[in-house]
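S.K.: So the sequences go chain by chain: A and B. Mind the numbering: the first sequence is residues 551 to 662 in the working numbering, read in order. Mind the numbering: the second sequence is residues 915 to 1030 in the working numbering, read in order.
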Amino acid sequence: GENVEQHPSTLSVQEGDSAVIKCTYSDSASNYFPWYKQELGKRPQLIIDIRSNVGEKKDQRIAVTLNKTAKHFSLHITETQPEDSAVYFCAASNSNTGKLIFGQGTTLQVKP
Amino acid sequence: DSGVTQTPKHLITATGQRVTLRCSPRSGDLSVYWYQQSLDQGLQFLIQYYNGEERAKGNILERFSAQQFPDLHSELNLSSLELGDSALYFCASSSGTRVGLGETQYFGPGTRLLVL
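1) Would a check of beta-carbon distances place B:R977 closer than 8 Å to chain A?
2) List the residues of chain A whose Cβ lies closer than 9 Å to the Cβ of B:S1008, in chain order.
3) Run through the stretch 560–628 of chain A for me and flag every whole beta strand (DSSP E) of 3 or more residues, listed as ranges in chain order.
4) So, under 8 Å CB-CB, A:N603 and A:S576 are touching, yes? Tell me the CB distance rounded to an integer number of Å.
5) Restricting to Cα atoms, I'd like to know which of B:A1006, B:Q1019, B:V1029, B:A1001 is closest to B:E859.
6) For B:V933, which residues of its own chain have a beta-carbon under 6 Å away from its beta-carbon, when the five flanking residues on both sides are left out?
7) Would you report the Cα separation of B:E1017 and A:I600, rounded to the nearest angstrom?
8) Can a CB atom of chain A be found closer than 8 Å to the CB of B:R969?
9) Compile a chain-ordered list of the residues in the stretch 585–600 of chain A whose CB is closer than 7 Å to at least one CB of chain B.
10) Contact check, B:S1000 vs B:L1028 under 8 Å by CB: the rounded distance?
11) Given a cut-off of 8 Å on the beta-carbon distance, is the pair B:R940 and B:Y1003 in contact?
12) If the cut-off is 8 Å on Cβ atoms, which residues from the stretch 556–576 of chain A count as contacting chain B, listed in chain order?
13) From this set, B:A970, B:R936, B:Q931, B:G930, which residue's C-alpha is nearest B:Q920's C-alpha?
14) Report yes or no: is there a C-beta of chain B within less than 8 Å of the C-beta of A:Y582?
15) Give me the DSSP bridge partner(s) of B:E989.
16) Just how far apart, CA to CA, sit B:Y947 and A:R593?
17) Ordered along the chain, which non-local residues of its own chain (more than five positions away) have a Cβ less than 6 Å from that of A:H626?
18) Distance, Cα to Cα, B:Q982 vs A:E565?
19) Going by other Cβ atoms of all chains shown within 10 Å of its Cβ, with 16 needed for buried, is A:N644 buried or exposed?
20) Does any C-beta atom of chain B lie closer than 8 Å to the C-beta of A:S645?
21) Any beta carbon from chain B within less than 8 Å of A:G655's own beta carbon?
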């Protein structure tokens, strides 16, 4: 069935360091891969996304890479700041319906 | 603010009861999605509607049902509530017209349901 695996479940880095979160999806029909940031008790907020016809996308300190052959995609945050601390979710979207299948989430802690 | 609204923000009820959660999508969006976020289970897709019609179903319990009305707002009905139904319920919306290209979903603020 449809599944998205996300690793690691927790990640602690020093301010200024880089953070990498990795996801693997199972459904070959997936064509859209968003990343959401969720602060405690708040809504998931889209931070970056990538479509299946692109291998890499960057937005300031955030970048996402996609390897369709391996069904892997990753989030890279450089020069991390304490305000980056949150739970990050990857997701894969079915091209027929658009529904999102989420990974289990990564709790990122950036220590000042 | 994503433009997606949900009411109520909080709901406390007892086991066996029935509740209705409401969602209004962003202006112009035709697709509405419902997700459940439990403490240990992350974000789980429940059901999707597009322009009034059910489009996709996830692991939604038979005790749960949803619909989308002509004005495009959606309601999620939860009945015979159990303690394990306590969770955050999010609604999201997208345009629904460019699914094949990958559409951005915008999430509402959620409804926190506590079943006692």
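Even glycine gets a Cβ: it sits at the ideal position worked out from N, Cα and C. Everything numeric in this text was worked out from a predicted model, so none of it was measured.
M.R.: This is what the structure gives:
1) Position 63 of the second sequence, counting from 1, holds the residue named residue 977 of chain B. So, not an interface residue.
2) Within the second sequence, the letter at position 94 stands for residue 1008 of chain B. What B:S1008 touches in chain A: G648.
3) 560–564, 569–575, 580–588, 595–601, 606–609, 612–617, 622–627, all fully within the stretch 560–628 of chain A.
4) For the purposes of this step, residue 603 of chain A is taken as residue 53 along the first sequence, with counting starting at 1. For the purposes of this step, residue 576 of chain A is taken as residue 26 along the first sequence, with counting starting at 1. Contact between A:N603 and A:S576 is absent: CB atoms are separated by about 20 Å, not below the 8 Å threshold.
5) A query on residue 859 of chain B cannot be resolved here, the shown segment of chain B reaching from 915 to 1030 and no further.
6) Locating residue 933 of chain B in the second sequence gives position 19, counting from the first residue. Only L925, T927, L992 meet the Cβ criterion.
7) The residue given as residue 1017 of chain B occupies position 103 in the second sequence. The residue given as residue 600 of chain A occupies position 50 in the first sequence. Put simply, the backbone Cα of B:E1017 is about 10 Å away from that of A:I600.
8) Along the second sequence, read from residue 1 onward, the residue named residue 969 of chain B stands at position 55. Interface annotation, B:R969: in contact with chain A, CB-CB separation under 8 Å.
9) Correct list: R593, P594, L596, D599.
10) Residue 1000 of chain B sits at position 86 when you count from the first residue of the second sequence. Residue 1028 of chain B sits at position 114 when you count from the first residue of the second sequence. With a contact defined as Cβ atoms closer than 8 Å, B:S1000 and B:L1028 qualify at about 5 Å.
11) Here the question's residue 940 of chain B lines up with position 26 in the second sequence. Here the question's residue 1003 of chain B lines up with position 89 in the second sequence. Not closer than 8 Å, so no.
12) If you check each beta-carbon in the stretch 556–576 of chain A against every beta-carbon of chain B, none falls closer than 8 Å.
13) Here residue 920 of chain B refers to the residue found at position 6 when the second sequence is read from its first residue. Comparing Cα positions, the closest option is B:R936.
14) The count along the first sequence starts at 1 and reaches residue 582 of chain A at position 32. Interface residue, yes.
15) Taking the first residue of the second sequence as position 1, residue 989 of chain B is located at position 75. B:E989 is bridged by DSSP to B:R936, B:Q981.
16) Here residue 947 of chain B is taken as the residue at index 33 of the second sequence, counted from 1. Here residue 593 of chain A is taken as the residue at index 43 of the first sequence, counted from 1. Spanning the two alpha carbons is a distance of roughly 14 Å.
17) If you number the first sequence from 1, residue 626 of chain A lands on position 76. Contacts found: V570, A613.
18) For this step, residue 982 of chain B is matched to residue 68 along the second sequence. For this step, residue 565 of chain A is matched to residue 15 along the first sequence. Each residue's CA atom was taken as its position, placing B:Q982 and A:E565 some 45 Å apart.
19) Translated into positions along the first sequence, residue 644 of chain A becomes position 94. That one is buried.
20) The sequence position of residue 645 of chain A within the first sequence is 95, counting from 1. Interface annotation, A:S645: in contact with chain B, CB-CB separation under 8 Å.
21) Position 105 of the first sequence, counted from the first residue, corresponds to residue 655 of chain A. Chain B contact via Cβ: present.
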